[in-house]
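Working notes, structure below.
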Ligand code: ACM
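Residue numbers (our numbering): 81 to 878.
Written out as structure tokens, the structure reads:
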């Protein structure tokens, strides 16, 4: 047996910036194989290389064909795949091998030596994952054309059977091509379950022939600000059954099972909008929702409703061969059931004591229906609340307790806890993160997730099927947003899902990431560089910097990985620029620019810049404010909900408290304030949490932006009336006097507009002295434009 891949290294000689850099780099594989050994020697792969499989070995042919296609896609290298009993020396051979030493399902062996490459496995999935590993070896340099791979011996198999990714195509739709891109990425990470969230309050995305209104009506919504500022007149889309079959087949060819989710009994508004008389509870005829969050609409529990759901499930089962069908079950606030006499009468007749128990009964009945058709139900952990339906498996999202409880009750579980696996959370508190949730889920935290809770017995632990990352898409309105949220956190997740605990190693993972970032660049995937992006800190107080005309600059990045190189003269930093080792001083005005470079010379992050001058020292922009003490639910929003431009201004809001803190504002000599603000949609269903929203009395018809000294209860320094009008997406400038104060003070900035009206966001707040020009807008101090900061520059061709 072979042990200890962590310590194995292959020497890489990389040509960079005109010089040759020799660096020790680890085997460029993610997820890390169970066992691997690298050896001296390399094998050339080029147009001459033959890819072969034995005639009739269809699994080997499929894996060989996939490998060839990946090689062509990533490095433009087109190799011949051929059936041949006797492959020539130097060939890449794929072979099904019933006696392969790796006898775990989906496992494989991969050997590279002077004779060539041999990928072998007992099953087709194993051969496929061998092909993925081989492709990773052959694409690690991110370049085009011929390559060479290191000699290795790998024995590999997955830790978990369920290695999932959830795509929410309801809140923001993804085309078939985009879904296939996600499938491609899943395959390249050895993930095998695509959980496809196809229905919710904001849309119904799967054609059901028997109920055409589900898509004709339920597939479309009229969004806030429709038709203005680039917001579409209507938003939506759906997949025809033909498209669904195509996606399922595309996934199956990559050993990925598609598990469809139809969310019920809650998150039902689009279905109710389409068929209010069949599935609605109370006769309401709502439109498809434009509110994110928790909406009140539930499926009815009468026979009409069940017949409808069963008909829908019949068509769903015909399209998806998956054993599991996901029926949601999350966030079903029960008000409509509580208020319905018919539902209450049904509960009485069934001797059901609570609405939660009614949800269990509802889920159990549908679980039985699926069971009769040879399928199984999986649902979010709320299905535990009224007693776990007999046949159900549980997907734990509100932490890990749901998984623990279900496993103890002998039910299978999948771990998708929000605190580790919800990729709509931001990756850092950087101001240049795109729209998303302001709670931070860094790469390292994903990497550190352990799906099997230590409290489970070995018997209970066997119920842990695996883990899943989710991409709720309210704040991911474009494919670029999706890619930024997914990568490279999906790499961390893949290693959690695949690799044995013994080979997981955060430091080693970081060493292997540059190769992955090069692959992303080669494939034009806009992976986030957040984990490496230089942060440019100023360590002196603003008054001290203005007094002395000097600033102490400190650089760091989130992971501490890579070398930070910088310039202070406005020029673009390169691998030859000064390497940062300790804080340094600049004289104002200055422009500091920085990049991060991996030990092997790969650029890890796009250039970040900061202008240090009086104008910028007296201005704070969105993302640089802090939250007020009573804060609750922080989001970074686009101007309107469906605008997909990553480079556009975003606005941080707290749904429960329209308040921001400007920390340590330098108020000496300041007499005015200039605020760039925007009127945003308040499109959130908060259900029973609505009462948490803080409101303040207003003095003018549209409310004000109030600025208080020190705390929100402190002296009122300014009260800037908000402009008339209700048009969403409108931007405006508030310019007014600020009561004189001296020294540095936190400023509480809060909005007194009615909480049943729009939200407001702040683009920037600028402090002005009496003789400062009033109308100038300070350009952002983060340049180049945001869009350019999303991915490392690819290496220049040699
Ligand atoms: C969920 O995040 N509501 C499952």
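Ideal placement from N, C-alpha and C gives every residue a C-beta, glycine not left out.
By the CB criterion at 7 angstroms, residue 242 and residue 545 fall inside the cutoff.
The ligand ACM never approaches residue 141 closely enough for any of its heavy atoms to be under 6 angstroms from the residue's Cβ. For residue 477, the CB falls within less than 6 angstroms of some heavy atom of the ligand ACM. In this structure, the CA atom of residue 406 is about 11 angstroms from the CA atom of residue 400.
Here the stretch 139 to 152 lies against the stretch 198 to 207, with 3 or more beta-carbon pairs under 8 angstroms apart.
Between residue 301 and residue 315, the CB-CB gap stays under 7 angstroms.
Around residue 266, the same chain offers 245, 274 and 336 as residues with beta carbons nearer than 7 angstroms, after the five sequence neighbours per side are excluded. The count of Cβ pairs closer than 8 angstroms, one atom from the stretch 837 to 855 and one from the stretch 748 to 759, reaches three, so the stretches are in contact. The C-alpha of residue 762 lies about 15 angstroms from the C-alpha of residue 311. If one requires a minimum length of 4 residues, no alpha helix (DSSP H) run lies completely within the stretch 777 to 851.
Counting of Cβ neighbours within 10 angstroms places residue 561 among the buried residues, the total reaching 16 or more. For residue 410, the shortest C-beta to heavy atom distance toward the ligand ACM is below 6 angstroms. The C-beta distance from residue 478 to residue 461 rounds to 6 angstroms, short enough to fall under 8 angstroms. The beta carbons of residue 789 and residue 797 sit closer together than 7 angstroms.
Taking a 10 Å sphere around the C-beta of residue 481, we find fewer than 16 other C-beta atoms and assign the residue as exposed.
For residue 513, no beta strand (DSSP E) run applies, since DSSP gives it neither H nor E. Remark: C-beta atoms of residue 614 and residue 635 approach each other more closely than 7 angstroms.
Of the other Cβ atoms in all chains shown, 16 or more fall within 10 Å of the Cβ of residue 666; this residue is therefore buried.
Residue pairing from DSSP places residue 675 in a beta bridge opposite 645. For residue 630, the enclosing beta strand (DSSP E) covers residues 630 to 636. With three or more CB-CB distances shorter than 8 angstroms, the stretch 702 to 709 counts as touching the stretch 726 to 743. Looking at the DSSP output, residue 739 sits in a beta bridge with 830. Look at residue 215: its beta carbon is at least 6 angstroms from all of the heavy atoms in the ligand ACM.
By the Cβ rule, the stretch 326 to 333 does not count as touching the stretch 715 to 734, because fewer than three pairs are nearer than 8 angstroms. Checking the 6 angstroms criterion, the Cβ of residue 460 is within range of a heavy atom belonging to the ligand ACM. As far as DSSP is concerned, residue 385 takes part in no beta bridge. Residue 406 has 341 and 458 as its beta-bridge partners, per DSSP. For residue 476, the enclosing beta strand (DSSP E) covers residues 473 to 476. As a beta-bridge residue in DSSP terms, residue 247 pairs with 276 and 551. Taking C-beta atoms as the reference points, residue 555 and residue 504 count as a pair closer than 7 angstroms.
For the 7 angstroms CB-CB criterion, residue 552 and residue 748 do not form a contact. Here DSSP, grouped into helix, strand and coil, assigns residue 206 to helix.
By the Cβ criterion, the stretch 617 to 626 is not in contact with the stretch 640 to 656, since fewer than three pairs of Cβ atoms, one from each stretch, lie closer than 8 angstroms.
Residue state for residue 119 is assigned as strand, using DSSP reduced to three classes. Contact annotation, residue 663 with residue 633: C-beta distance approximately 6 angstroms; criterion of less than 8 angstroms satisfied.
At a cut-off of 3 residues, the continuous stretches assigned as beta strand (DSSP E) that sit fully inside the stretch 212 to 267 are 227 to 236 and 242 to 248.
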